[in-house]
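Residue numbers (this note's numbering): 2 to 205.
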């Protein structure tokens, strides 16, 4: 999504003026494409060439929806300490809470910095029940009433589907989004939840 990083270099030191900073100004080196030499730019030129990672509709939709997606995972995980029988399920629920609670905070902070345009704040982007992997109200009711091995089995089934839905959402953000911070958040979701899916399948 983003072009190669622009590495800032300090102004010339001693007799080293090969970076074009004869006037003592800090310069920026832009790495060239394969086979091409690097270019020396002024800070102003570098700023103009910096990739535009302004959030687009896909970025906003992902962050808004993933906050609600994560919140349901926290709701499901909160049931495990008292209703699960397997220690592995309890530990998994703890890990999910430990990972997704801070992620919600980061996404809420991102929304504060990048408020969604009015046109993007409504519509199907907030049709949370239609998000992939979301458990229905009936499924949540069944989970909240289950205990022991029945809870373990249903929790693993619902959470696996929930994580698979999150991977689909993250993939859409990585494909259609434009903001670097959202790309990083989606990549983290893919890494964390892919590993947890493998763990849950092994436990099931």
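Glycine is no exception: its CB is placed at the ideal position from the N, C-alpha and C atoms.
Only a predicted model underlies this, so the values are computations on that prediction, with no experimental measurement involved.
DSSP, read as helix, strand or coil, puts residue 76 in helix.
Selection 179, 135, 52, 200 evaluated against residue 71 yields 135 as nearest (Cα-Cα).
When DSSP reads this structure, residue 85 sits in a beta bridge with 149. The way I'd put it, the segment 54-69 does touch the segment 113-120; three or more beta-carbon pairs between them come closer than 8 angstroms. With fewer than 16 neighbouring CB atoms inside 10 Å of its own CB, residue 92 falls in the exposed class. Exposure of residue 53 is indicated by the presence of fewer than 16 other C-beta atoms within 10 angstroms of its C-beta. Annotated three-state conformation of residue 199 is helix, per DSSP.
Residues 2, 54, 55, 56, 57, 60 of the same chain have their beta carbon placed closer than 7 angstroms to that of residue 179, with the five preceding and five following residues left out of the count.
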